[in-house]
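Read left to right, the sequence shown gives residues 14 to 587 (my numbering).
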Amino acid sequence: MQRKWILLSFVGGLLVIASLAGFYLVRRTGAQPLQAGLRQFPSTLSPQLPYDVNAAQIEAMMAEVHPQNGGEYSPHDTELVLKAQREFDILSWQAFLALNWPQQSYESPQSSLNATSGQPLWSYWVPIEKIFLPNGARPQFPWNPAQQVKDAATNGISLTMTKAAWRQQASASDNFQAFSGPLVDQNGKWARYEALVDPEEYEYLYKNELYSIDGQIRFSNQDVNQSEVSMPLNSGNKKHGSIEIKLSWKELGPNDDRSRFYTKRVRVELSEPTNGGPPQYRTIDAGLVGMHIAMRTESSPEWIWSTFEQIDNVRQNPLEHGGLSHANFMNPALKNAPVNVLPAKNGDCTNGTNCQTWYENLTTTPVQTSRVQIPLQHGLNPIDDKISDAVAELNKQVQALLHSQGSVFQYYELIGTQWPVHKFAPAYAGGQGSAPESITNKTPGDVVPVFLVNTTMETYFQKGGQNAGCLEQDDRLPDNCTADNTPVTGTESCVGCHYSAGIATGWKRDMNGNPVIVNGVKQPIYGENGHFGRSAHASFSWMLQIETSKQNLGAEASVPARKRFSMHTPNRQP
Numbered sequence: 014m015q016r017k018w019i020l021l022s023f024v025g026g027l028l029v030i031a032s033l034a035g036f037y038l039v040r041r042t043g044a045q046p047l048q049a050g051l052r053q054f055p056s057t058l059s060p061q062l063p064y065d066v067n068a069a070q071i072e073a074m075m076a077e078v079h080p081q082n083g084g085e086y087s088p089h090d091t092e093l094v095l096k097a098q099r100e101f102d103i104l105s106w107q108a109f110l111a112l113n114w115p116q117q118s119y120e121s122p123q124s125s126l127n128a129t130s131g132q133p134l135w136s137y138w139v140p141i142e143k144i145f146l147p148n149g150a151r152p153q154f155p156w157n158p159a160q161q162v163k164d165a166a167t168n169g170i171s172l173t174m175t176k177a178a179w180r181q182q183a184s185a186s187d188n189f190q191a192f193s194g195p196l197v198d199q200n201g202k203w204a205r206y207e208a209l210v211d212p213e214e215y216e217y218l219y220k221n222e223l224y225s226i227d228g229q230i231r232f233s234n235q236d237v238n239q240s241e242v243s244m245p246l247n248s249g250n251k252k253h254g255s256i257e258i259k260l261s262w263k264e265l266g267p268n269d270d271r272s273r274f275y276t277k278r279v280r281v282e283l284s285e286p287t288n289g290g291p292p293q294y295r296t297i298d299a300g301l302v303g304m305h306i307a308m309r310t311e312s313s314p315e316w317i318w319s320t321f322e323q324i325d326n327v328r329q330n331p332l333e334h335g336g337l338s339h340a341n342f343m344n345p346a347l348k349n350a351p352v353n354v355l356p357a358k359n360g361d362c363t364n365g366t367n368c369q370t371w372y373e374n375l376t377t378t379p380v381q382t383s384r385v386q387i388p389l390q391h392g393l394n395p396i397d398d399k400i401s402d403a404v405a406e407l408n409k410q411v412q413a414l415l416h417s418q419g420s421v422f423q424y425y426e427l428i429g430t431q432w433p434v435h436k437f438a439p440a441y442a443g444g445q446g447s448a449p450e451s452i453t454n455k456t457p458g459d460v461v462p463v464f465l466v467n468t469t470m471e472t473y474f475q476k477g478g479q480n481a482g483c484l485e486q487d488d489r490l491p492d493n494c495t496a497d498n499t500p501v502t503g504t505e506s507c508v509g510c511h512y513s514a515g516i517a518t519g520w521k522r523d524m525n526g527n528p529v530i531v532n533g534v535k536q537p538i539y540g541e542n543g544h545f546g547r548s549a550h551a552s553f554s555w556m557l558q559i560e561t562s563k564q565n566l567g568a569e570a571s572v573p574a575r576k577r578f579s580m581h582t583p584n585r586q587p
């Protein structure tokens, strides 16, 4: 039976509160003391990329957790979830450090995190631009990690195909955030993005031909027991499962303290009109400002979602010798300025209006960026504050350890880790009157915390007060249902966004049965019959849809008669 509930909407004044949030020198104020029993971060740093938490231990603990009374947790349940949360947060930090650990070669890490030679582990992985090639071409296989690093050393790291890239060749639109536009820092420069996958995931994508629209259509129309995208899980501590990472970078300027950033020299493509000529490029000193890590594991078939930021992104921090740091994406003097506002489009305009994109030289006004703090709301996010306080306490432990070793990563922080409390729990249907369950259980797994965003990658997802339907899975509503207009204060979550991703199942056709052509490109159908992820889902990976969406394939895939779709959910391994 659907639970009754009341949510307070904080539409009025929320943006002002959010704009002031950047002045605080700590993540939260007034935090209550944490209960005893949370594990301390290990005192010895390791270059070993973790495989998973102790899956059996977590499952045994969570078997005792059963939220009652409108989704609220009992004190005992809260204690158990926070203990489990600590295990996932420690794993997040260990993964972050291991991925950035300098390597002598792909399988030979340097002896120290502070080694001055070698490239980070992630630099040996597969960039998405080398998977999703123009016209759905077959990529290189097997993957050669050493050649990837050699190419980068010879040609430089090139951010010309980035997170949320919408075209198969480098173009002006490759510098945007997912489903929105550019983020401009306080120096008037754009943030840049890139994404990579580990060799285990790449092998799965290659062997199932999921790198092209045609391949996805063939895959989705196989026998019902073979057509579900199911990214690899880890095999204990013997083999990693699928891991995807996304990084955000800022161009370092004269007023940026480079000692507070992990830095790279990178070549970027400018978002400027080419007038028929080749793209324009520039080489910059880039500082890492954000990192997503998504790991599909035995404990978490809905993936473990970890996100990190440089500590100065949306606030000032005390400096060791006095004064305050320079904030990357917020101006403390603009106390009442609107926050997280997407710049107006100004490129590819028709008679000065109806602009289609953004040009970099015309988009230089900094975006006043803030982290919207979500209040507790009955039945929606009852322990998100306790989870956030525990993360802040863990960050202090790790940062102190990194400070003692003189590591630049002392200036980074874990924003949060999402993971499934009950990994086989079903998703909850959306529709009018369905919140909060349709938000808390938007995806399978009873995932906590409910809300989690990275301010450098999901800046414009932080809406605050809105209708619940915007946070549900609206595109997967049952037939004849309308979106829920119950007011709620919320942002987005990593897992909630990625659950929407689909693969191609066929081609759109007009009334005469002919393929629909837009700008010379056939239009694929993504995620058809994807309600609750039964079929045509992308196993929480947006790149299967985004990176193939502009492939201009010449011949239609040969599609057999439509099969009957599977009823099992994507969080269950066949």
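Even glycine gets a Cβ: it sits at the ideal position worked out from N, Cα and C. Predicted model, so just to flag it, every value in this text is computed and none were measured.
Enclosing alpha helix (DSSP H) for residue i [first to last residue]
i, result
"I559", "M556 to I559"
"V508", "C507 to H511"
"I103", "P88 to L112"
"I228", "The sequence shown places Gly at residue 228, rather than the Ile named in the question. From DSSP, the alpha helix (DSSP H) with G228 extends over I226 to S233."
Limits of the beta strand (DSSP E) - the one that residue i falls within
i, result
"P212", "No beta strand (DSSP E) contains P212, which is instead part of the alpha helix (DSSP H) from P212 to K220."
"T502", "P500 to G503"
"V281", "T276 to E282"
"S118", "P115 to S118"
"E72", "Element bounds for E72: not the beta strand (DSSP E) but the alpha helix (DSSP H), A68 to M75."
"T320", "I317 to Q323"
"W520", "A517 to W520"
"P457", "Note, P457: premise wrong, no beta strand (DSSP E); not H, not E."
"I538", "P537 to Y539"
C-beta atoms of residue i and residue j nearer than 8 Å
i, j, result
"P140", "E207", "yes"
"P462", "P439", "no"
"V466", "T502", "no"
"G482", "N498", "yes"
"P356", "G201", "no"
"A97", "I71", "yes"
"T469", "L196", "yes"
"P302", "N326", "The sequence shown places Val at residue 302, rather than the Pro named in the question. Going by C-beta atoms, V302 is nearer than 8 Å to N326."
"R273", "Y441", "no"
"N344", "Q199", "yes"
"I306", "S105", "yes"
"I74", "L93", "According to the sequence shown, residue 74 is Met rather than Ile. Yes, they are a contact pair."
"L95", "Q116", "no"
Cβ neighbour criterion (16 or more within 10 Å) applied to residue i
i, result
"T377", "exposed"
"Q229", "buried"
"A108", "buried"
"Q431", "buried"
"M244", "buried"
"A150", "exposed"
"K263", "buried"
"L62", "buried"
"K455", "buried"
"R99", "buried"
"V529", "exposed"
"G254", "buried"
"A448", "buried"
"N113", "buried"
Coil, strand or helix - residue i by DSSP
i, result
"Y424", "helix"
"M308", "strand"
"S447", "coil"
"G249", "coil"
"F54", "coil"
"V411", "helix"
"F192", "coil"
"D613", "The chain is shown from 14 up to 587; residue 613 falls before or after that span and cannot be answered."
"I387", "coil"
"S261", "strand"
"K473", "The question names Lys, but residue 473 is Tyr in the sequence shown. The answer is helix: DSSP assigns Y473 an H, G or I state."
"P147", "helix"
"Y372", "coil"
"I400", "helix"
"H550", "strand"
"Y441", "coil"
Rounded Cβ spacing between residue i and residue j (contact assumed at less than 8 Å)
i, j, result
"M304", "I256", "That belief does not hold up - the Cβ atoms of M304 and I256 are roughly 12 Å apart, past 8 Å."
"L393", "T310", "Actually they are not in contact, since the Cβ atoms of L393 and T310 sit about 27 Å apart, beyond 8 Å."
"H511", "S554", "7 Å"
"P433", "V404", "Incorrect: roughly 18 Å between the Cβ atoms, too far for contact."
"H339", "D269", "6 Å"
"P158", "Y119", "4 Å"
"G83", "H391", "6 Å"
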